[in-house]
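Residue numbers (the numbering used here): 28 to 454.
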């Protein structure tokens, strides 16, 4: 059953009845009519306004949850939690893509699951260690073209921890990069040999535009992000912009797979990042700084609920679900009147509740979903079924009362209850 069918069956009961066609007394056809008890005619057809109601309800249901990434913006997420500690990752598609896009990764040359993870992660898990050989990396089948050939804004991000020295001039962390000698460069978030992180793009396959950190990373966990907004690139280190550069033209396309932790073998050049990588995300948009580190605390988070204070609707109390029943922008745990959108007032108190509570939460937005809900309901009044007898509503005329139940007579009211054929009881 399709979602729309299930929704309409849940909203309105359905019954099947016959209506005449092709001339009086010829034959009849069946049709399905959905009834709504409180309408003027007693029933209404789904096709006339049910879709509007369904969409409005879906919008309403979406209004009370925590903020989430819009559909289609996240291309890939690797948490590396599918394995066991100290296990060698192997097998086609062994690295699970939790974004729902289906870009499961294939480990090459034995990356190893480790329990060493960033302390600021909101949940435990595992990381993946690279560098056991120059060929160690994860490649993602099916990324030679299509979704990973970006022509507009995109973002690469990951947690990284260097555990050794780099043996090559540069090493990729996240990349779709061949070699500049063969004009197969595209984009790369990586590290120079001296330990400085870098984000680079190429418009020709050989020339590069880079944004590199002025200092090398120490051997601790750091969050790295490369952001392209369509005209410039940013290298972001632990939530702070470390370097920028302008980029004009379009990003060069190649037939190289997207890789994590090293180069693909198809480049005829091997290099693997000597360290740990965790929480990889690729997005087809320029992710704002306060949304980086999607499951970690790289920004101030006083209540440690993994929602940064800057966008937390209750920064003084942990509420990871950001529940807000009255949609007033103040989290329920901070709202002295969680079911009353008019309270607390501008002074931060709830006099109507009989209590005086300080306003600890903060309004993050004005809810418009209720207004969206009302519009189709009001418009639907014009689309409701006409009260004509024996026509669109399928209501029987008096002479066909025995077939359909109660006949309609304007001067009398019929007593509810069962009737035997031919018997009429008047009040």
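Don't be surprised by glycine CBs; every beta carbon is placed ideally from N, CA and C. Please read these numbers as outputs of a predicted model, since none were measured by experiment.
Give the single residue among the options whose Cα lies nearest to the Cα of residue i.
{"i": "residue 269", "options": "260, 339, 275 and 276", "result": "260"}
{"i": "residue 184", "options": "311, 127, 237 and 195", "result": "311"}
{"i": "residue 337", "options": "348, 351, 318 and 354", "result": "318"}
{"i": "residue 243", "options": "233, 264, 355 and 231", "result": "264"}
{"i": "residue 316", "options": "251, 305, 125 and 221", "result": "251"}
{"i": "residue 212", "options": "240, 176, 181 and 246", "result": "176"}
{"i": "residue 286", "options": "365, 199 and 255", "result": "199"}
{"i": "residue 142", "options": "114, 136 and 126", "result": "114"}
{"i": "residue 109", "options": "101, 148, 155 and 129", "result": "155"}
{"i": "residue 267", "options": "275, 240, 274 and 279", "result": "240"}
{"i": "residue 304", "options": "100, 101, 106 and 102", "result": "106"}
{"i": "residue 355", "options": "368, 225 and 344", "result": "368"}
{"i": "residue 201", "options": "209, 225 and 191", "result": "225"}
{"i": "residue 161", "options": "152, 153, 144 and 138", "result": "138"}
{"i": "residue 163", "options": "174, 126, 136 and 123", "result": "136"}
{"i": "residue 279", "options": "320, 214 and 219", "result": "214"}
{"i": "residue 112", "options": "123, 153 and 126", "result": "153"}
{"i": "residue 102", "options": "148, 181 and 151", "result": "181"}
{"i": "residue 127", "options": "345, 151, 309 and 157", "result": "309"}
{"i": "residue 276", "options": "129, 179 and 150", "result": "179"}
{"i": "residue 144", "options": "186, 130 and 345", "result": "186"}
{"i": "residue 216", "options": "307, 124 and 100", "result": "307"}
{"i": "residue 157", "options": "124, 173, 191 and 129", "result": "191"}
{"i": "residue 100", "options": "320, 174 and 262", "result": "174"}
Return the chain-ordered list of same chain residues with a C-beta closer than 8 Å to the C-beta of residue i, the five sequence neighbours on each side being excluded.
{"i": "residue 118", "result": "133 and 134"}
{"i": "residue 418", "result": "Bear in mind that the predicted position of residue 418 carries a pLDDT of just 46, short of 50, making it unreliable; the figure below should be weighed with that in mind. Excluding positions up to five away in sequence, the list is empty."}
{"i": "residue 146", "result": "248"}
{"i": "residue 274", "result": "228, 230, 236, 255, 258, 259 and 260"}
{"i": "residue 284", "result": "166, 167, 168, 170, 171, 203, 291 and 293"}
{"i": "residue 151", "result": "144"}
{"i": "residue 159", "result": "136, 137, 138, 139 and 299"}
{"i": "residue 313", "result": "180, 181, 182, 254, 255, 256 and 257"}
Could you have a look at residue i and say whether DSSP puts it in helix, strand or coil?
{"i": "residue 174", "result": "helix"}
{"i": "residue 364", "result": "coil"}
{"i": "residue 308", "result": "strand"}
{"i": "residue 336", "result": "helix"}
{"i": "residue 124", "result": "strand"}
{"i": "residue 109", "result": "coil"}
{"i": "residue 343", "result": "coil"}
{"i": "residue 455", "result": "Residue 455 lies beyond the range of the chain shown here (28 to 454); nothing can be said about it."}
{"i": "residue 56", "result": "Note on residue 56: pLDDT 40, under 50, position unreliable in the model; the coordinate value appears next. DSSP places residue 56 in strand when its eight states are reduced to three."}
{"i": "residue 94", "result": "A caution first: residue 94 carries a pLDDT of 34, below 50, which makes its placement in the model unreliable, though a value can still be read off. In this structure, residue 94 counts as coil in the three-state DSSP scheme."}
Spatial neighbours of residue i within its chain, please: CB distance less than 7 Å, with the 5 preceding and 5 following residues excluded, ordered by chain position.
{"i": "residue 272", "result": "236, 237, 238, 259 and 260"}
{"i": "residue 189", "result": "222, 244, 246, 301 and 302"}
{"i": "residue 365", "result": "352, 353 and 359"}
{"i": "residue 327", "result": "335 and 336"}
{"i": "residue 220", "result": "193, 195, 196 and 197"}
{"i": "residue 123", "result": "109 and 131"}
{"i": "residue 125", "result": "104 and 106"}
Near residue i, which residues of its chain fall below 6 Å by C-beta distance, leaving aside the five closest residues on each side in sequence?
{"i": "residue 282", "result": "171"}
{"i": "residue 377", "result": "363, 364, 370, 371 and 384"}
{"i": "residue 218", "result": "198 and 224"}
{"i": "residue 345", "result": "330 and 332"}
{"i": "residue 320", "result": "250"}
{"i": "residue 129", "result": "none"}
Handout entry: At least 3 beta-carbon pairs within less than 8 Å: the region 295-307 vs the region 181-198
Key = yes
Problem - Touch test, the region 154-171 against the region 103-120, Cβ-Cβ under 8 Å, three pairs minimum - result: yes
Handout entry: Any 3 or more C-beta pairs closer than 8 Å across the region 337-353 and the region 282-290
Key = no
Handout entry: Sequence ranges, alpha helix (DSSP H) only - wholly within the region 203-272, length at least 4
Key = none
Practice task
Could I get the ranges of all uninterrupted beta strand (DSSP E) runs contained in the region 127-195, with 3 residues as the minimum, in chain order?
Solution key: 133-135, 139-141, 154-156, 164-167 and 181-189
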